[in-house]
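Report on the following structure.
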Amino acid sequence: METLQRHNLRQNHITLVDDLDPRAIIDDLFEDEVLTENDCDRIKACNTRKEQCRLLLTLLPTRGPAAYGSFLKSLTVNHDHLANLLKCSVQHMKKGSECSQVEYGNMPPVYSYIAGDSRKCSETETQVDAADLIKGDLVEACSKCSPDIPKFAFPQLEVVIKNNCCLILENVEAKDLLDIHYQEYVFGDEECERIKSGKTRSERCIIFISELSKRTSNKVMSVFTRSLEKKYGYIIKEIKKTSFCATSNVLSTPTVADIHQPIDAEFPRSIGDVIRRPILAEVLHRGITACVAYPGKLSSSVDCQPQSLHFNDKQLESINSTQYGDTLADDDNHSLPKEQTSPFDRFKSLTNVSPPKSSFKFSQERHKDSEDVEWMVRRNRHLKRERKLFDRRSQQVFPGYEDNVPDNRLHGSCPTVLVNETKTNVCLQKQSFETDWKEEETDETHAALVGDVDNAPCRRKREQIRSVSEHQPSTSKSLRTDFFSNKGTENIQMDNKLSDNVYPITTNSYNCRRKASESPKQQSESEKRRDLPNLSNLSALTCNPGSMEPHELRTRRLEVAFNALSTMINQGHFEKFERFSVNIKLKYVHDFDMMCILDYLHASRDLFIADVDSAKKHINTGLQRVAKTSNPKYFTLELFSAQTRMYLSQKKLQKLENTLADAKMIIETDPVGCSGRAAGWLYMNDVRDISCQLVMLNVHRPNYTAVYKYLHGKAVNSCKRALDNFNRDGGKDGPFGIGFALCRLAILLLRCGDNGLTMDVQQPDIDDIEMAGNYLRQLEDSDIAIPKILEVHYLIAKCDLQYRRSNSVRALEHAEAAYRLATEINMLEFTEHAHNRGVFLRSMPVFSKAVGEEEVSRILFDDSADSFDESAEEYP
């Protein structure tokens, strides 16, 4: 396999492990002679699907150049979204650029690993030694863990691990962290095998830390924290709590990797650090670019040549001591800087360039760093004035409030960050300082000031903020009142909510004060502002097929199509269903939601008539379309319900249990969004699965009763969950599912067996018999229609009920009626169930053998004693 192909597989390792089903492609790879029969057996012998994926991805690079093409061809058939992902990755890797995809997430660039790292120059300019990076001794691990923690090449990671040594060594399973470290080129194959070779979890964790301590890459810290997020989120929380306290004396000089990450990605910082960090980061990374006039040339025709101004260690130390005063030296006091002079002026004084004032020009397009610095200086001055005014007014309105408010709220560099409306305050302040925004300034400076703003486009943010600021007063008095007044913050008008969680600040208390002091002209203008369109409609709403919005046309079409087609199936009108579905396919061929619903309904129709091959084809086609639908989870559950029913009819119980386990995991991840008919039918198939297990239990085993009781209770709980989900469904399949669940629950309580072969084995309690009768009576008295398919289950349940009430004649009548109806609509599986019940009931002593007319004449009119005696013996 080529090097580019190897890197492509490794770059998408986690996505392949999460989404790939190796059992669906190993047959194709075996036919193409990529895998041997022994390889296929090894893959199938793995305990879990992820282990199968890892083994397959390990074998592929060793099977020659044809392996990648065969693997990609097989993915195109079974997992087209993975095939598209690999193709896109290869194309962009050849160009040496990143593959930015919205559907699959942003992938880190791979070209630098293939062609060599070309960023060493820019990194060495901003990197500093460990001695300069950390002031003071490193944090020591506890006496128990210190022998297992070596010296780290990356000091920040060493501080984090030593602060949380016991938590990591006692809880983390190293195997869970290897995938992302392997994908991000932190570990190679040898390191991963060495870590996996540990016999116990503790040994593997120690080896993992030992290997991690040898890595010098700048991204080791970020990769390590990302690997903990999925399964060890509580460790991430502890790291964020302890890392800043342990590294309060650390002067954090940013690197290239840190520039492109969120400010609070690794360590929580104080408010002052949040404000001052972006200034230093931008200056250190890109420098201050100035146009310098060379001697001998006129200033009017000067050739501007940009010069990047970088600083050595002594200059950095003087910058920090001058700009931040005693704040870094004594962080516990949280004191404000002693002098608040312009940082940009201090940066100019440290450089060797001293051009005339007239020639020191800044370009709005090319020199944006200086504009960022000037904007920050103006903003800090404004905040300082606001802070002083705020303190004076607070002392008048709330005397002694400084004693009750924490120090970090009083002495931070940006007090408005603490207000509930943080994002709006900062955005409105920036709008007041500078109206002509540049895209790059907004992306970097706004993200630096507001760390938790989501990734919405900045242009949309600016338009929304401008529209709000034009029609809304933003006085510092209202902001200060809302900060301390609970009444003000509770009365925020939520109708004016903007997308991206930016809220306009309008409180009832402020409006009352404003109306009292407004002139008639101002009041008329305020009435005009209230008539403005509501901005809350800017954010798009997505509808869940399980809880459809009837007023939306597209969702209404899905609902009507499903209700109409499912009614045709339930009534047995299969030819009409086929004609109707063909017309829908021709009209909505590009609507993947509609096509997924059609695949599910076609599979259900095929399973009713026992056409397993056609059902399997529709299920596989639907699973390929699921990734393109509006709600992949819900449509996956619907197709899983059809797939579990197919496995149930084929008696493939192992595959049935695996699919049910996957479906239940999806439901648990989103219980509200996945509720409805899909979850209901999955739970009903779980009931059918448990019923099959009850039939296959060995009666002669000593623990038969205990096992039967456990499985029976589990099946009853699943049936009740199915009823809950059918009640939440808004379509016509909900009432039908309720009727089906009531019938199956009655059959389960009467303990005659799913197939009718254990009618004389188990004897139910009297309470269960009465409860089953109540369920069937509830179905009879309800307004739920009973189509032919549901009537089969209803007649089988009535047969079991009459048998448990010792009315075998009526039970036989219901069994024969169910058999005739199931044969008529070609429900072969339930035809067998009704037939087994009829055979058992006919074998009971109450039913004598029918006597023909000839036999009656012989018995009544033949005087032969011998014949009479024989007949008397035969019919006592």
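In this text, residue positions in the sequence shown follow the UniProt record's numbering: the first is 1, and each later residue adds one. Note that beta-carbon positions come from the ideal geometry of N, C-alpha and C, so glycine has one too.
Asked                                                                                                                             : Found
Per-residue DSSP class, three states only, for residue 23                                                                         : helix
Pairwise C-alpha distance: residue 150 and residue 238                                                                            : 21 Å
Neighbour-count burial assignment, residue 724, 16 or more Cβ in a 10 Å radius                                                    : exposed
Backbone secondary structure at residue 669 - three-state DSSP                                                                    : helix
Of the residues 852, 164, 83 and 808, the one placed nearest residue 839, counting alpha carbons only                             : 808
Close-in-space but distant-in-sequence residues of the same chain around residue 6 (CB under 8 Å, 5 per side omitted)             : 61
In chain order, each alpha helix (DSSP H) run of at least 4 residues that lies wholly inside the region 7-85                      : 13-19, 26-31, 37-45, 49-59 and 66-78
Cα-Cα separation, residue 633 to residue 685                                                                                      : 18 Å
Alpha-carbon spacing of residue 752 relative to residue 681, whole angstroms                                                      : 22 Å
Runs of alpha helix (DSSP H) wholly within the region 600-655 (minimum 4 residues, chain order)                                   : 612-625 and 632-650
Length-filtered (4 minimum) alpha helix (DSSP H) runs lying within the region 755-843                                             : 766-781, 788-804, 808-824 and 828-842
Residue 11 versus 810, 82, 820 and 611, residue with shortest Cα-Cα distance                                                      : 82
With 16 other Cβ atoms within 10 Å as the buried cut-off, status of residue 674                                                   : buried
Counted within 10 angstroms of its Cβ, other Cβ atoms place residue 583 as buried (16 or more) or exposed                         : exposed
Residue 698 - DSSP class collapsed to helix/strand/coil                                                                           : coil
Sufficient close CB pairs (3 or more, under 8 Å) joining the region 647-662 to the region 709-719                                 : no
Cβ of residue 626 within 7 Å of any chain D Cβ                                                                                    : In the structure shown, chain D cannot be found, because there is only a single protein chain.
Which of helix, strand or coil DSSP assigns to residue 332                                                                        : Bear in mind that the predicted position of residue 332 carries a pLDDT of just 41, short of 50, making it unreliable; the figure below should be weighed with that in mind. Note: residue 332 maps to helix in three-state DSSP.
Which of helix, strand or coil DSSP assigns to residue 739                                                                        : helix
For residue 708, three-class secondary structure by DSSP                                                                          : helix
Inter-stretch contact at 8 Å, needing at least 3 Cβ pairs: the region 740-758 / the region 690-699                                : yes
Closest residue to residue 750 among 796, 654 and 184 (Cα-Cα distance)                                                            : 796
Proximity winner among 764, 733, 207 and 607, relative to residue 829 (alpha-carbon distances)                                    : 607
Range covered by the alpha helix (DSSP H) that runs through residue 156                                                           : 155-163
Close Cβ partners of residue 592 (< 6 Å) along its chain, the five nearest in sequence each way excluded                          : 625, 628 and 629
Coarse secondary structure for residue 575, derived from DSSP in three states                                                     : helix
Pairwise C-alpha distance: residue 758 and residue 695                                                                            : 7 Å
Residue 742 vs residue 708 beta-carbon contact at 7 Å                                                                             : no
The region 156-170 in contact with the region 180-195 per 3-pair CB rule at 8 Å                                                   : no
Beta-carbon contacts of residue 220 that lie in its chain and below 8 Å, excluding the five residues immediately before and after : 154, 157, 186 and 212
Distance CB(residue 811)-CB(residue 834) smaller than 7 Å                                                                         : no
Buried or exposed by the 16-neighbour rule on C-beta atoms within 10 Å, applied to residue 18                                     : exposed
Selected residue, minimal CA-CA separation from residue 732, among 844, 783 and 198                                               : 783
8 Å contact criterion, which residue 653 and residue 644 should meet: CB distance rounded                                         : Actually they do not touch by this definition, with Cβ atoms about 11 Å apart.
Residue 822 vs residue 792 beta-carbon contact at 7 Å                                                                             : yes
Cα-Cα separation between residue 16 and residue 676, rounded to whole angstroms                                                   : 30 Å
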